[in-house]
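Number of protein chains: 2
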Amino acid sequence: MAVTIKDVAEASGFGIGTVSRVINGKEYVKEETREKILLTAKRLGYRPNKIAKMLASGYFSDSTIGIILPEIAHRFFFEIISGIYSELNEQGYNLLIFNIGKNREQVFEHIARENFSGLLVLGYPMAEREKKILRARFTRFIYLDYMDREENSIFFDNQKGGRLAASYLAEKDCRNICFIGRNIDSQQQAERFEGFCRGLNEKGLKLKDRIDIEIDEEESYRVTEEIIKKRDVHGIFYFCDELAYGGLRAKEKLGKDIRIIGYDDLIISSFMGLSTIRQDARSIGIRGAKKIVELVQSKGSSEEEHPLFECMEPVLVDRGS
Amino acid sequence: MAVTIKDVAEASGFGIGTVSRVINGKEYVKEETREKILLTAKRLGYRPNKIAKMLASGYFSDSTIGIILPEIAHRFFFEIISGIYSELNEQGYNLLIFNIGKNREQVFEHIARENFSGLLVLGYPMAEREKKILRARFTRFIYLDYMDREENSIFFDNQKGGRLAASYLAEKDCRNICFIGRNIDSQQQAERFEGFCRGLNEKGLKLKDRIDIEIDEEESYRVTEEIIKKRDVHGIFYFCDELAYGGLRAKEKLGKDIRIIGYDDLIISSFMGLSTIRQDARSIGIRGAKKIVELVQSKGSSEEEHPLFECMEPVLVDRGS
DNA sequence: CTGAAAGCGCTTACAG
DNA sequence: CTGAAAGCGCTTACAG
Numbered sequence: 292m293a294v295t296i297k298d299v300a301e302a303s304g305f306g307i308g309t310v311s312r313v314i315n316g317k318e319y320v321k322e323e324t325r326e327k328i329l330l331t332a333k334r335l336g337y338r339p340n341k342i343a344k345m346l347a348s349g350y351f352s353d354s355t356i357g358i359i360l361p362e363i364a365h366r367f368f369f370e371i372i373s374g375i376y377s378e379l380n381e382q383g384y385n386l387l388i389f390n391i392g393k394n395r396e397q398v399f400e401h402i403a404r405e406n407f408s409g410l411l412v413l414g415y416p417m418a419e420r421e422k423k424i425l426r427a428r429f430t431r432f433i434y435l436d437y438m439d440r441e442e443n444s445i446f447f448d449n450q451k452g453g454r455l456a457a458s459y460l461a462e463k464d465c466r467n468i469c470f471i472g473r474n475i476d477s478q479q480q481a482e483r484f485e486g487f488c489r490g491l492n493e494k495g496l497k498l499k500d501r502i503d504i505e506i507d508e509e510e511s512y513r514v515t516e517e518i519i520k521k522r523d524v525h526g527i528f529y530f531c532d533e534l535a536y537g538g539l540r541a542k543e544k545l546g547k548d549i550r551i552i553g554y555d556d557l558i559i560s561s562f563m564g565l566s567t568i569r570q571d572a573r574s575i576g577i578r579g580a581k582k583i584v585e586l587v588q589s590k591g592s593s594e595e596e597h598p599l600f601e602c603m604e605p606v607l608v609d610r611g612s
Numbered sequence: 292m293a294v295t296i297k298d299v300a301e302a303s304g305f306g307i308g309t310v311s312r313v314i315n316g317k318e319y320v321k322e323e324t325r326e327k328i329l330l331t332a333k334r335l336g337y338r339p340n341k342i343a344k345m346l347a348s349g350y351f352s353d354s355t356i357g358i359i360l361p362e363i364a365h366r367f368f369f370e371i372i373s374g375i376y377s378e379l380n381e382q383g384y385n386l387l388i389f390n391i392g393k394n395r396e397q398v399f400e401h402i403a404r405e406n407f408s409g410l411l412v413l414g415y416p417m418a419e420r421e422k423k424i425l426r427a428r429f430t431r432f433i434y435l436d437y438m439d440r441e442e443n444s445i446f447f448d449n450q451k452g453g454r455l456a457a458s459y460l461a462e463k464d465c466r467n468i469c470f471i472g473r474n475i476d477s478q479q480q481a482e483r484f485e486g487f488c489r490g491l492n493e494k495g496l497k498l499k500d501r502i503d504i505e506i507d508e509e510e511s512y513r514v515t516e517e518i519i520k521k522r523d524v525h526g527i528f529y530f531c532d533e534l535a536y537g538g539l540r541a542k543e544k545l546g547k548d549i550r551i552i553g554y555d556d557l558i559i560s561s562f563m564g565l566s567t568i569r570q571d572a573r574s575i576g577i578r579g580a581k582k583i584v585e586l587v588q589s590k591g592s593s594e595e596e597h598p599l600f601e602c603m604e605p606v607l608v609d610r611g612s
């Protein structure tokens, strides 16, 4: 066990009350005593236990919001986080980003023990077991960029986004159209893809091909090149901007007249002239932060209110790519 | 005061031990009792006090590192944070980002009470009073991107960076050279500027003008335009990339043959083709995270070791701008 | 100026 | 299955 205030008291020959006063810099302590105590504290490597201190002094920090990310967080999430941060900062809340670690089970046990008032869960669903852990501790949470009808969630309309992408390519007179996705199943991709296919259908078009890969610019460049060479492709829709960058590069290199559209509209994308489906990361971050703070502050209400359910609209951004 | 386990116990007619078992989902509780207790807990709006729980159960989370940002955090810091996050995540630590708020004094009092093991202070110095607060609680900290010989600090060599910028412009045959800075004093800017002037001197050049402005692309665009028109300028060094973007735009618009160089090398800058002085944000973040974890884990050592003092080198990136 | 004691809100054997 | 009690490491009046 770590060294406690009691150890310091015994070792220095004073009472724990006095030690406490010294450590906290209260007045009314003889200079000599102070020095002695400080010295033994240092010698023993004493470090006050903040938990105990908080409990004893009745200071309960309720002003920390936790967030948990998917195991592979891509850039879009960092833009969301920056929105969350601004808003929380505005409201005087701290932001606690949990390590997601390798072992989900243990991590969740760990999270549940930490001191925070509400949790923002980014981009992916929790297991029932995990939700149970949170609920057992009466911890409120909101899904961000993930939709669950049973739970609080603020999300984007991915179906619509997919449809917008389809209409973009259709309007640019593309006939042979492909989709390049991520090799990880996700709600976002499923819906985006479904919307995309429907959108194509409505225009009387049909998807030619779909390939799922890692998020890696080189990989995306290679695959795009391959696809362009093998088939007579007019347009490609990428699951996200980060994938599309490689495509953009392939397009330029090969000088092919092909249409490329991404998804997210990361900050960088505007500089690159990439057409894309814009999801306002900052806004959803701010919105999520606002809502979790509200939820946390409304503690009292024991009523089972309807879960929060907010859908944000993506927008087509045509940069001519 | 909030409702406690005692309140629930009394209201439900059971002992606090039983309530505790129910809340924590332990077995050996009659189903009927469980339901009753859960109901009154809900009715009363009971929320377990995590602090008390931690203390009682002997669980002391030592795996959280705090960070505090400057009041106006610009993008460079977010790139540092992403480095910090990766490394901490690797090590199983959480990241607690403190709100910096408006009132520095209160904020620091508040921070000192939070539960974290070590602090990373980004980009600016703490007041003596603030350091005192930390030290009184035996809280270790490291400055990141700020240099203080008396304290642990990991930082970039801004003098050298300034010098590199000077040599860049000199080699591109610029003779009339200006500096556009930020209208806030900072160690970084002071050193960068000094290095820059020295660098110019060595090449037999002299600074023509210096203007300090807000970080705002429009503003920077306007000022650059003005400077180009008024004086016969061949090269401009901007305090940071974010300022340089406006300059880049002005240069393109006016079609003037002028050299532009920024500082930081934000991710975006490579896409924009901006020449700049690269500081590896991710690296310093990772480095800082590693070091603070080491420091925190070496708790025991009561010896007064030398403060950590690490200097990282910036690098010139010539993208022809 | 200093010590003894109560108390912060929980958990956890120990009896029953 | 449940209650009473000790204890987690501190703070804070209250005496002295």
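Those protein sequence lines, which keep their order, are chains A and B. All letters in the first sequence, in the order written, are residues 292 to 612 by the numbering used here. All letters in the second sequence, in the order written, are residues 292 to 612 by the numbering used here. Heads up, the beta-carbon is just placed ideally off N, CA and C, and yes, glycines get one too.
Check for me: the alpha helix (DSSP H) holding Lys341 (chain B) runs from which residue to which? Taken as a continuous stretch (DSSP letters only), the alpha helix (DSSP H) holding Lys341 (chain B) covers Lys341 to Ser348.
From what residue to what residue does the alpha helix (DSSP H) around Cys465 (chain A) run? That residue, Cys465 (chain A), is in no alpha helix (DSSP H); it is neither H nor E in DSSP.
With a cut-off of 8 Å on the beta carbons, I'd call Asp532 (chain B) and Tyr554 (chain B) a contact; round off their distance for me. By a beta-carbon distance limit of 8 Å, Asp532 (chain B) contacts Tyr554 (chain B). Their separation comes to about 6 Å.
What is the rounded straight-line gap between the Cα of Tyr319 (chain B) and the Cα of Ile502 (chain A)? Looking at the two C-alpha atoms, the distance is approximately 53 Å.
Does the segment 545 to 561 of chain B come close enough to the segment 400 to 418 of chain B to have 3 or more Cβ pairs within less than 8 Å? Taking a cut-off of 8 Å on C-beta distances, the segment 545 to 561 of chain B does not touch the segment 400 to 418 of chain B, as fewer than three cross pairs fall below it.
Starting from the beta carbon of Gly308 (chain A), find every residue of chain B whose beta carbon is closer than 7 Å, and list them in chain order. Those within 7 Å of Gly308 (chain A) in chain B number zero; the least Cβ separation is about 17 Å.
Presumed contact (8 Å Cβ cut-off) between Asn499 (chain A) and Asn467 (chain A), rounded CB distance: Sequence inspection shows Lys at residue 499 (chain A); the Asn mentioned does not correspond to that position. Taking C-beta atoms under 8 Å as the contact rule, Lys499 (chain A) and Asn467 (chain A) qualify, at a distance of about 5 Å.
Beta-carbon neighbours of Gly316 (chain A), restricted to chain B and to distances below 8 Å: Ala427, listed in chain order.
How is Tyr554 (chain A) classed by DSSP in three states: helix, strand or coil? Strand, per DSSP.
Mind pulling the chain A residues with CB within less than 8 Å of Phe562 (chain B)? Simply Ile559, Phe562 and Met563.
Can you tell me whether Arg483 (chain B) is buried or exposed, with buried defined as 16 or more other CB within 10 angstroms of its CB? Result: buried.
DSSP state of Lys297 (chain B) mapped onto helix, strand, coil: DSSP places Lys297 (chain B) in helix when its eight states are reduced to three.
Can you tell me which of B:Cys465, B:Gly414, B:Val412 and B:Tyr529 puts its alpha carbon nearest to the alpha carbon of Gly472 (chain B)? The residue with the shortest Cα to Cα distance from Gly472 (chain B) is B:Tyr529.
In whole angstroms, what is the alpha-carbon distance linking Thr515 (chain A) and Glu370 (chain A)? Take the alpha-carbon of Thr515 (chain A) and the one of Glu370 (chain A): they are about 27 Å apart.
What residue does the beta strand (DSSP E) around Ile506 (chain A) start on, and which one ends it? Per DSSP, Ile506 (chain A) belongs to no beta strand (DSSP E) and is neither H nor E.
Listed from N- to C-terminal order along the chain, which residues in the segment 364 to 398 of chain A have their beta-carbon within a distance smaller than 7 Å of any beta-carbon of chain B? Across the segment 364 to 398 of chain A, CB contacts with chain B closer than 7 Å involve Phe369, Ser373, Tyr376, Leu379, Asn380, Gly383, Tyr384, Asn385, Leu386, Leu387, Ile388, Phe389, Asn390, Ile391 and Gly392, in sequence order along the chain.
Pull out every residue of the segment 327 to 342 of chain A whose Cβ sits closer than 9 Å to any Cβ of chain B, in chain order. Listed by position along the chain: Ala332, Lys333, Arg334, Leu335, Gly336, Tyr337, Arg338, Pro339, Asn340, Lys341 and Ile342.
Below 8 Å CB to CB, which residues in the same chain sit around Ile518 (chain A) once its five sequence neighbours on both sides are set aside? Only Cys469, Ile471, Asp500, Ile502, Val524 and Ile527 meet the Cβ criterion.
Report yes if the C-beta distance between Tyr415 (chain A) and Tyr384 (chain A) is below 8 Å; otherwise report no. No, they are not a contact pair.
Does DSSP put Asn623 (chain B) in a helix, a strand or coil? Chain B is shown from 292 up to 612; residue 623 (chain B) falls before or after that span and cannot be answered.
Quick check on the burial criterion: 16 or more other C-beta atoms within 10 angstroms. Buried or exposed for Ser593 (chain A)? Any answer about Ser593 (chain A) is weak, because its pLDDT of 45 lies below 50 and its placement is not dependable; what the coordinates show is given next. Exposed, since its Cβ has fewer than 16 Cβ neighbours within 10 Å.
Quick one: give me the first and last residue of the alpha helix (DSSP H) that Thr309 (chain A) is part of. Start and end: Ile307 to Ile314.
Between the Cα of Arg522 (chain B) and those of B:Ile504, B:Lys547 and B:Met417, spot the shortest distance and give me the residue it belongs to. When each option's Cα is compared against that of Arg522 (chain B), the closest is B:Lys547.
Nearest-angstrom beta carbon gap, Ser303 (chain B) and Ile328 (chain B) [assumed within contact, 8 Å]: With a Cβ gap of about 5 Å, Ile328 (chain B) and Ser303 (chain B) count as contacting.
How many angstroms separate the CA atom of Asp298 (chain B) from the CA atom of Asn340 (chain B)? Near 13 Å, if we compare the C-alpha coordinates of Asn340 (chain B) and Asp298 (chain B).
Does the CB of Phe447 (chain B) have a neighbour CB from chain A at under 8 Å? So no, Phe447 (chain B) is outside the interface.
Taking Arg440 (chain A) as part of the beta strand (DSSP E), name the residues at either end of that continuous run. Unbroken run through Arg440 (chain A): none, as it is neither H nor E.
Compute every distance between the C-beta of Phe487 (chain A) and the non-hydrogen atoms of the ligand GTP, then say whether any falls below 7 Å. No copy of the ligand GTP appears in this structure; indeed no ligand is present at all.
Taking just the CA atoms, how far does Ile433 (chain B) sit from Gln588 (chain A)? Here the alpha carbons of Ile433 (chain B) and Gln588 (chain A) stand approximately 34 Å from one another.
Under a Cβ-count criterion, where at least 16 other Cβ atoms within 10 Å of its own Cβ denotes burial, should Asn443 (chain A) be classed as buried or exposed? The residue is buried, with at least 16 neighbouring Cβ atoms inside 10 Å.
Check Tyr319 (chain B) in the structure and name its three-state DSSP category. In this structure, Tyr319 (chain B) counts as coil in the three-state DSSP scheme.
Contact belief for Gly409 (chain A) with Arg426 (chain A) at Cβ below 8 Å, rounded distance in angstroms: With a Cβ gap of about 13 Å, Gly409 (chain A) and Arg426 (chain A) do not count as contacting.
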